[in-house]
Structure formats: structure tokens, C-alpha cells
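Visitor:
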Amino acid sequence: MCVSAVTTTTRYSPYSPSSLSPDALSDYRKKRDKNNIASKRSRQKRAEKQREMRNEKEMLERRNIELKTLLGSLEVQLVYTIFSTIKVENFFSNDNRSVLKF
Numbered sequence: 639m640c641v642s643a644v645t646t647t648t649r650y651s652p653y654s655p656s657s658l659s660p661d662a663l664s665d666y667r668k669k670r671d672k673n674n675i676a677s678k679r680s681r682q683k684r685a686e687k688q689r690e691m692r693n694e695k696e697m698l699e700r701r702n703i704e705l706k707t708l709l710g711s712l713e714v715q716l717v718y719t720i721f722s723t724i725k726v727e728n729f730f731s732n733d734n735r736s737v738l739k740f
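Under this note's numbering, the letters of the sequence shown match residues 639 to 740, in that order.
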């Protein structure tokens, strides 16, 4: 049976109030406040970028639907044009030219 000794270490912050002079504590507080402001600004920018990306995604999805609808319409027109062309070609190939005499 193996028994291991568990040791715990207590970590002390180098910036604990008891270890800092008032000037150092003031400098530390200023740095923390500045960092907190920068962090807040960073989170706001990230949230704004996500909103913009979500809006762009929605716009692109709508545009995609519009383009698919247009594609369907153009495909129908193409089929109609092809069949119309075939009918005209068949009309002329069946020696119906005499009908068109002016």
C-alpha cells in the first residue's frame, strides 16, 4: 500500500494590500481600472461584430433565396425558349414554307 503525502501551498498575491505601499497600490488600481475598461471595450466590439455578422448572414440568406427564385424563373424561360425553337424548326423542316408566302 502506497501512501502519498499531500502538500498544500498557499499562494499569496504579490499585490495584496499588506505587501504594497500606498503609491504602488494606487498604480496597481489604475492599471486594473484601465484593463477593466479595455476588457469591456473589447467585449463590446466582439458583440457588435457578432451582430454585424448575424445581420450580414440574414441578408445573404435572403439574397440567396432571391437568386434561387430568379434561377428557377430563368430555367423555365430557357425551357420555353428551347421548345419554341424546336417548334419553329419543325415547322420549317416540314416544308410549310408555302404557308408563309406574302
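Beta carbons: idealized from backbone N, C-alpha and C, even for Gly.
Where T719 and E690 are concerned, what is the direct C-alpha to C-alpha distance, given to the nearest angstrom?
Guide: 43 Å
Visitor: Is N728 helix, strand or coil by DSSP?
Guide: Assignment of N728 by DSSP, reduced to helix, strand and coil, places it in the helix class.
Visitor: Compute the Euclidean distance between the alpha carbons of K683 and S664, then round it to the nearest angstrom.
Guide: Going by the C-alpha atoms only, they are around 29 Å apart.
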